[in-house]
Every structure is written in structure tokens, then in C-alpha cells.
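Trainee: For the sequence shown, our numbering puts the final residue at 314, and the numbers step up evenly by one.
One structure is given below, represented as C-alpha cells, and several questions about it will come after.
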Amino acid sequence: MILVITSNSTFVKLDTVFRFSTMIAEEYNVRYILLRKLKSYPQWKDLSGEVVMDIGCGDGSESTKCILQLFPRVEKIIAIDKLRRVIAAAKRENAHPQIEYHVANITKKLTLMTWYNKISKIISFHCFEFVKLKEAFRNVFFLLKPGGEGVIVLMTSNAFRDAYDEMLENPMWRRYLKNRKGPSAGFANYVTHFECQALAQEVGLSVRFCQARENTACFENDQEIKGGVENFIRGYSRYLPEDLKQSFTEEYTSALYRRLVPGREGRICMRRTIIVILVRKPEAFIISHL
Ligand SMILES: C[S@@+](CC[C@H](N)C(=O)[O-])C[C@H]1O[C@@H](n2cnc3c(N)ncnc32)[C@H](O)[C@@H]1O
Numbered sequence: 025m026i027l028v029i030t031s032n033s034t035f036v037k038l039d040t041v042f043r044f045s046t047m048i049a050e051e052y053n054v055r056y057i058l059l060r061k062l063k064s065y066p067q068w069k070d071l072s073g074e075v076v077m078d079i080g081c082g083d084g085s086e087s088t089k090c091i092l093q094l095f096p097r098v099e100k101i102i103a104i105d106k107l108r109r110v111i112a113a114a115k116r117e118n119a120h121p122q123i124e125y126h127v128a129n130i131t132k133k134l135t136l137m138t139w140y141n142k143i144s145k146i147i148s149f150h151c152f153e154f155v156k157l158k159e160a161f162r163n164v165f166f167l168l169k170p171g172g173e174g175v176i177v178l179m180t181s182n183a184f185r186d187a188y189d190e191m192l193e194n195p196m197w198r199r200y201l202k203n204r205k206g207p208s209a210g211f212a213n214y215v216t217h218f219e220c221q222a223l224a225q226e227v228g229l230s231v232r233f234c235q236a237r238e239n240t241a242c243f244e245n246d247q248e249i250k251g252g253v254e255n256f257i258r259g260y261s262r263y264l265p266e267d268l269k270q271s272f273t274e275e276y277t278s279a280l281y282r283r284l285v286p287g288r289e290g291r292i293c294m295r296r297t298i299i300v301i302l303v304r305k306p307e308a309f310i311i312s313h314l
């Protein structure tokens, strides 16, 4: 038994072959658990002969691999990402005869034309937090065959983001950082699951379920947290005067640590909220939704 992920305050014990011992392994398992649960829906049981699209696939090492592991009989996985270098890495490092990697942007319809109405299932992990949601849902509708379904998982808050919001409450930091977007700042989307559901419905998708879930991700050691802080702050430090960077880092670090919680085996963890939404393109629909 290697891993514990808390979800809705319940411990889930996993006995999988994925014996890496870092947050990456936990991330992988979050995807694995979710997709495995989906298999209880008749439409998701097997996906034999179906064309599945993985949106925001990254280098293919997590979501795409996980899809293939759980649905080995898919006809093909079209794995798309907006970044050319990411797709190049995916092709180099995670090539597989059932996976086609392509550069395409889920908010730019012109990059998606090849797959109009051709996709029977869409799976997307941790991409929709970064995009214009309504546009992305509109294109999910565009890509899916009538009756096709998509499961989309996005994170809407975590300790890094919440600590940053706390910093913005201080007028001193607010002065420099208000309305600034940082690359790793996370999420363009700070939506509730009600808002997320409404956006999907507005473009004509029906929503089979939409839930916000809290879960916990654990760090391996302090070094990993420090790396996370550096990464996060790097996105903002250019907006700060040189002489204030150090105190910003210290304040931010203590705001972050106040949000961390103890986990199993002495590890330090953070809570985060994810939204899981399962949408369906109706068999019959109004053409204006395209
Ligand atoms: C956090 S990573 C998630 C990668 C992978 N899905 C996983 O589960 O590990 C988010 C990925 O979404 C991609 N992405 C962000 N915006 C996108 C967009 N508009 N269209 C397609 N991909 C996008 C990023 O380039 C990045 O590779």
C-alpha cells in the first residue's frame, strides 16, 4: 500500500504499480482514481474503438498515459497541447502507436477544425484552470460527436494561490501586484462549480455532474516546498521593487506555511479544491451553439 490521498476527508488507499514516491505519483493517482470511477458509467466502461481527446496533455507522461492504462482498447488518443515544445517532448518521450500528439489550442477553433464532430470522449486534467472557460467549453461542444461526453478536471484553489490572495490584502503588495498575471500564479479561473456548470450549459452542453472536491497533496520535504515557493514567486517578482523582494518572499512563505497541514508519515500537505465536471453533447441541439 503506497499512497494516501484525502478526498472529501476520506483516506483512499491505493495499491498500484506506480511506486514513485513524490507528489507526481500522487497527481497520477488522482487522475487514475477519477478515471477508474468513471468506468462505472456505461458510456465510459471500456471505450473500445473510440477516439478520445486529451486536452492540455503536457508531455503525455501523466493524463495521456493514465487514459491508455485504463482504456487500453481505445482506437486512438488525440492528445493536444497549445505549446509546440511540449508536444515535441511528448512525441520524443512518450510516443505510443495509439497516441497522436498535436499542437492545438482549446480556445482557438481554427486549430481544432480537423476534429470537428469526431471525438467521442474528451478527458482533460488541469488545463481548464488556465483558459477562457466559456470559449473552451464551446470548443468541447464543437469537437464532440452528438452523444459524446467529456470529463474535465480543473483546480480552483490551492495553498499557493490562497497565500497569494492574502498578500494582495496588504495595500503595500497590492499596489505592485493588483491585476498582475503571473505565469504560475495559477489560475485564470477562480470559479465555483455552480459557475462552471452554468458556463458549460450556456454553450449547449448538458451537465451529467459537476462537483467541487477538496483533496490534499503532500510534499516530499521542505526542499520541495521551497522549490514551489521560488517557482511561484518568480512569476511576480519582476513587478516588485528590488529592495522589497526579500520581504515579499518571507511574508509569502509564512502565509503559505500557515495554510499547510500535517499529513501521514510526517509529511506536510496542502489542501486544494478541484472541480470535476462531466458534460455531454446532446444528440439533438440548436445549431447556434456551434
Ligand atoms: C498543468 S499541465 C497538465 C498536463 C496534463 N494534462 C497532466 O494532467 O499532467 C497544463 C497543460 O495545459 C496546456 N494548456 C494550457 N492552455 C492550453 C490551451 N488553451 N489549449 C491547449 N493546451 C493548453 C499547457 O501547455 C500545459 O501543458
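Quick reminder that beta carbons are idealized off the backbone N, C-alpha and C, glycines included.
Taking its Cβ as the centre, do 16 or more other Cβ atoms sit within 10 Å of GLN221, making it buried, or is it exposed?
Mentor: By the neighbour-count rule (16 or more Cβ atoms within 10 Å), GLN221 is buried.
Trainee: Can you tell which of LEU92, GLU124, ARG116 has the C-alpha that lies nearest to the C-alpha of SER72?
Mentor: Comparing Cα-Cα distances from SER72 to each of LEU92, GLU124, ARG116, the minimum goes to LEU92.
Trainee: Can you tell me the Cα-Cα spacing of TYR65 and GLY174, whole angstroms?
Mentor: If I take the Cα positions, the gap works out to 12 angstroms.
Trainee: Between the Cα of VAL54 and those of VAL155, VAL177, ARG116, spot the shortest distance and give me the residue it belongs to.
Mentor: Comparing Cα-Cα distances from VAL54 to each of VAL155, VAL177, ARG116, the minimum goes to VAL177.
Trainee: Go to PRO306, then tell me how far its alpha helix (DSSP H) extends in each direction, as first and last residue.
Mentor: It is not in any alpha helix (DSSP H) - PRO306 carries neither H nor E in the DSSP assignment.
Trainee: Would you kindly report the start and end of the unbroken beta strand (DSSP E) that includes ILE170?
Mentor: Residue 170 is actually Pro in this sequence, not Ile. Counting along the chain, the beta strand (DSSP E) containing PRO170 begins and ends at 168-182.
Trainee: Just the C-alpha distance for GLU153 and ILE298, rounded to the nearest angstrom, thanks.
Mentor: Going by the C-alpha atoms only, they are around 10 angstroms apart.
Trainee: Which of the three DSSP states is assigned to TYR65 in this structure?
Mentor: If DSSP states are grouped into helix, strand and coil, TYR65 belongs with coil.
Trainee: Who are the near neighbours of ASP186 in its chain, counting only those whose CB is closer than 7 angstroms to its CB and skipping five residues on each side?
Mentor: Hits under 7 angstroms: ARG283.
Trainee: Compare the beta carbon distance of ILE143 and ASP78 with 8 angstroms and say whether it is the shorter of the two.
Mentor: No; because the gap between Cβ atoms is not below 8 angstroms, this pair is not in contact.
Trainee: Just to confirm, are CYS81 and LEU59 a CB contact at a threshold of 8 angstroms?
Mentor: No, they are not a contact pair.
Trainee: Specify the secondary structure class of VAL164 as computed by DSSP and reduced to three states.
Mentor: Reduced to three states, the DSSP call for VAL164 is helix.
Trainee: Using the C-alpha atoms, what's the distance from LEU107 back to PRO207?
Mentor: Only weak support exists for where PRO207 lies, its pLDDT of 48 falling under 50; the value from the coordinates is given anyway. Each residue's Cα considered, the two are about 14 angstroms apart.
Trainee: What does the Cβ neighbour count give for MET196, buried or exposed, with the cut at 16 atoms within 10 Å?
Mentor: Burial call: exposed.
Trainee: Could you spell out where the alpha helix (DSSP H) holding LYS269 opens and where it closes?
Mentor: Here the alpha helix (DSSP H) through LYS269 covers 269-283.
Trainee: Suppose the cutoff is 6 angstroms on Cβ atoms and the five residues either side in sequence are ignored; what does the same chain contact list for VAL303 look like?
Mentor: Correct list, in chain order: GLY174, ALA224, LEU229, VAL231.
Trainee: Is any heavy atom in ligand 1 found nearer than 7 angstroms to the beta carbon of LYS106?
Mentor: For ligand 1, at least one heavy atom lies less than 7 angstroms from the Cβ of LYS106.
Trainee: Report yes if the C-beta of SER64 is less than 7 angstroms from at least one heavy atom of ligand 1; otherwise report no.
Mentor: No, Cβ of SER64 sits at least 7 angstroms from all heavy atoms of ligand 1.
Trainee: Near THR46, what residues of its chain come up, given a Cβ to Cβ distance below 7 angstroms and the 5 sequence neighbours on each side ignored?
Mentor: Here the model assigns THR46 a pLDDT of 48, short of 50, so the residue's position is not dependable, and the following value carries that caveat. If we look at THR46 and ignore the five residues flanking it on each side, its Cβ neighbours are GLU244.
Trainee: Candidates MET191, GLY171, ARG204: which alpha carbon is nearest GLY259's?
Mentor: Of the candidates MET191, GLY171, ARG204, the one whose C-alpha sits nearest the C-alpha of GLY259 is ARG204.
Trainee: Within 8 angstroms, do at least three Cβ pairs link the segment 121-132 to the segment 270-288?
Mentor: Because the criterion of three Cβ pairs below 8 angstroms is not met, the segment 270-288 and the segment 121-132 do not touch.
Trainee: Is MET294 helix, strand or coil when you go by DSSP?
Mentor: Strand at MET294.
Trainee: Under the criterion of a Cβ to heavy atom distance below 7 angstroms, does THR131 qualify as lining ligand 1?
Mentor: THR131: yes, Cβ under 7 angstroms from ligand 1.
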